[in-house]
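Taking it in order: structure first as structure tokens, then the write-up.
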Amino acid sequence: MPPDRIADDEPLNPHAKSPQAIKDEYKRHQKGGEHVGPQMISTDQQQQSDPGLHYEVKDIPGLVVYTSFLSSQSQLFLLDKLFHRDLLNPEHKTNVHMHYHIPNPPQGQSFFTHNDVFTPIDPSCHKPLTARQFLDKKLRWMTLGGQYDWTNKVYPSETPPPFPGDIKQIIETAFPMKAEAAIVNLYSPGDTLSLHRDVSEDCNQPLVSLSIGCECIFIVGLEDEKGGSKTATLRLKSGDAVLMSGESRDNVTTTRLQRRR
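Under the UniProt record's numbering, think of the first position of the sequence shown as 1, with each following residue one higher.
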């Protein structure tokens, strides 16, 4: 069995090292720039022939890709709610909350219209931020519902804030799951998400990833009981969704590389 999991009833370790095969695939695409090799699964053709098509990735059971799941109108709706409503909710923590006092814009405004100053918690370590700097450079993630503890890689035991109802309805209408927690990651062209395992949640429950904006390379690696591994490399476009359930939630490592312009 893989060294990070000794028994079926023992929880997976979010700090466990990633399989070498997915490390190699990750490095290859980092160095390869914009090149898309023949082994990459692209959603381009499927989107043109059948927007809304979904298919399971052969080598990773339970990994299902939904092409053009979100229409352009739905993508704009989500962005509007996330940045003009949910970002203003002090219960929805961001990476900036750890180091700054976050001002509350007046009712009816947002950080896009109210250029207030974010004062640092420790002025000896950080300089004040404007709302423009916050939006353009500093904001990297936001949590909805259950507030993920990035340091310890766990969800706190206390009752989480309510998950946004309209976003919850979109997820639960389309996928066999309850929407209780989400991490909104923000990327610039060329950014990458480090290799990681989404095992802090209950792995018996599905996990869904929605892509909005620039296309990206999404790499998934599945480690088997004998220590071997398989990888799948997906080229995702704006509006695509990825559902991970069953085997694809068990001993899976994922990463994301945002493609450059």
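Note that beta-carbon positions come from the ideal geometry of N, C-alpha and C, so glycine has one too. Model, not experiment: these values are computed from the prediction.
Secondary structure of residue i, DSSP reduced to three states
| i | result |
| --- | --- |
| leucine 70 | coil |
| aspartate 191 | coil |
| glutamate 56 | strand |
| lysine 230 | strand |
| aspartate 149 | strand |
| glutamate 172 | helix |
| glutamate 215 | coil |
| histidine 114 | coil |
| glutamate 158 | coil |
Expected contact under 8 Å - CB spacing of residue i and residue j to nearest Å
| i | j | result |
| --- | --- | --- |
| leucine 78 | valine 242 | The Cβ separation is near 16 Å, so there is no contact. |
| threonine 192 | glutamine 75 | The pair is not a contact, with the Cβ atoms about 22 Å apart (cut-off 8 Å). |
| isoleucine 195 | isoleucine 22 | In the sequence as presented, isoleucine is not what sits at residue 195; that position holds leucine. That pair is a contact at about 7 Å. |
| leucine 88 | serine 110 | 6 Å |
| leucine 70 | leucine 222 | The Cβ separation is near 26 Å, so there is no contact. |
Residues sharing a beta bridge with residue i, DSSP
| i | result |
| --- | --- |
| serine 209 | Val242 |
| methionine 142 | Thr94 and Val184 |
| histidine 101 | Thr119 |
| leucine 63 | Met244 |
| glutamate 25 | DSSP output for glutamate 25 lists no bridge partner at all. |
| leucine 87 | None; leucine 87 has no bridge partner. |
| leucine 76 | According to DSSP, leucine 76 bridges with nothing at all. |
Beta-carbon proximity list for residue i, same chain, < 8 Å, skipping 5 on both sides
| i | result |
| --- | --- |
| isoleucine 171 | Met177, Ala179 and Val208 |
| glycine 246 | Pro61 and Gly62 |
| glutamine 73 | none |
Nonlocal neighbours in the same chain, by C-beta distance under 7 Å from residue i, ignoring five residues either side
| i | result |
| --- | --- |
| threonine 130 | Asn115 and Val117 |
| glutamine 205 | Met177 |
| glycine 146 | Tyr155, Pro160, Glu180 and Ala181 |
6 Å Cβ shell around residue i - same chain, five flanking residues per side excluded
| i | result |
| --- | --- |
| aspartate 59 | Lys230 and Ala232 |
| asparagine 185 | Trp141 |
Residue i CB to nearest heavy atom of the ligand FAD below 7 Å
| i | result |
| --- | --- |
| lysine 93 | In terms of ligand content, the structure shown is empty, and the ligand FAD therefore cannot be addressed. |
contact_flag[the stretch 139-146, the stretch 86-94] where n(CB pairs < 8 Å) is 3 or more = yes
Touch test, the stretch 159-170 against the stretch 110-126, Cβ-Cβ under 8 Å, three pairs minimum = no
If we count Cβ pairs, one from each stretch, closer than 8 Å, do we get three or more for the stretch 93-112 versus the stretch 227-239?
-> no
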